[in-house]
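Sequential numbering from 12 applies to the sequence shown in my numbering.
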Amino acid sequence: MLSKCANPSCSASFRYFHQGKLFRMETDAPEQGSPARTVRRAEFFWLCDNCVSGMTLEYDRKKGVVVKPVDRQLRVAS
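Shown next as C-alpha cells:
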C-alpha cells in the first residue's frame with residue numbers, strides 16, 4: 012500500500028491520486044518455497060509533486076526501485 016513518497020529523503024504522505032505521479036513497476040521477487048526462482052509482479056510507487064519535478068523512478072535488478080534525477084534533455088523534449 013502506498014503511504015509516502017518513494018524518495019527516502021522525503022516525508023510527504025500519499026493522499027490523492029491527482030498529486031504527484033504514480034509509477035507501476037514490474038519487480039522480481041523470490042518464488043515462495045523456491046529461492047532459486049523468481050516471479051515478476053507489479054508494484055506501485057509514488058513520487059510527490061516536489062520530488063517528481065526533478066526525479067523519476069527506475070528498477071534495478073540488484074538494488075530494486077531507485078530514485079534517479081531526471082535527464083534534463085528528456086525533460087525539455089517532453
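Note that beta-carbon positions come from the ideal geometry of N, C-alpha and C, so glycine has one too.
Query raised in the report: Which stretch, first to last residue, makes up the alpha helix (DSSP H) that contains V76?
Result: The count along the sequence shown starts at 1 and reaches residue 76 at position 65. First-last for V76: G75 to P80, but that is the beta strand (DSSP E), not the alpha helix (DSSP H).
**Report entry** Own chain, CB closer than 7 Å to N18, minus 5 neighbours either side, in chain order
**Finding:** By one-based count along the sequence shown, residue 18 stands at place 7. Same-chain partners within the cutoff: L58, C62, M66 and V78.
Requested in this report: May I have a chain-ordered list of the beta strand (DSSP E) segments no shorter than 3 residues that lie completely inside the region 19–54?
Outcome: 32–42
Query raised in the report: For Y70 versus T49, is the C-beta distance shorter than 8 Å?
Result: Residue mapping note: residue 70 aligns to position 59 of the sequence shown, counting from 1. Residue mapping note: residue 49 aligns to position 38 of the sequence shown, counting from 1. Cβ atoms of Y70 and T49: not closer than 8 Å.
Requested in this report: For the alpha helix (DSSP H) containing C62, list its first residue and its last residue.
Outcome: Position 51 of the sequence shown holds residue 62. Element bounds for C62: D60 to V63.
Requested in this report: Name the one or two DSSP bridge partners that L68 has.
Outcome: Along the sequence shown, one-based indexing puts residue 68 at 57. According to DSSP, which records beta bridges pairwise, L68 is partnered with V78.
Query raised in the report: Taking all protein chains shown into account, do 16 or more other C-beta atoms lie within 10 angstroms of the C-beta of G31, making it buried, or fewer, making it exposed?
Result: As a first step, residue 31 is located in the sequence shown; it is residue number 20 there, counting from the start. Buried, because 16 or more other Cβ atoms sit within 10 Å of the Cβ of G31.
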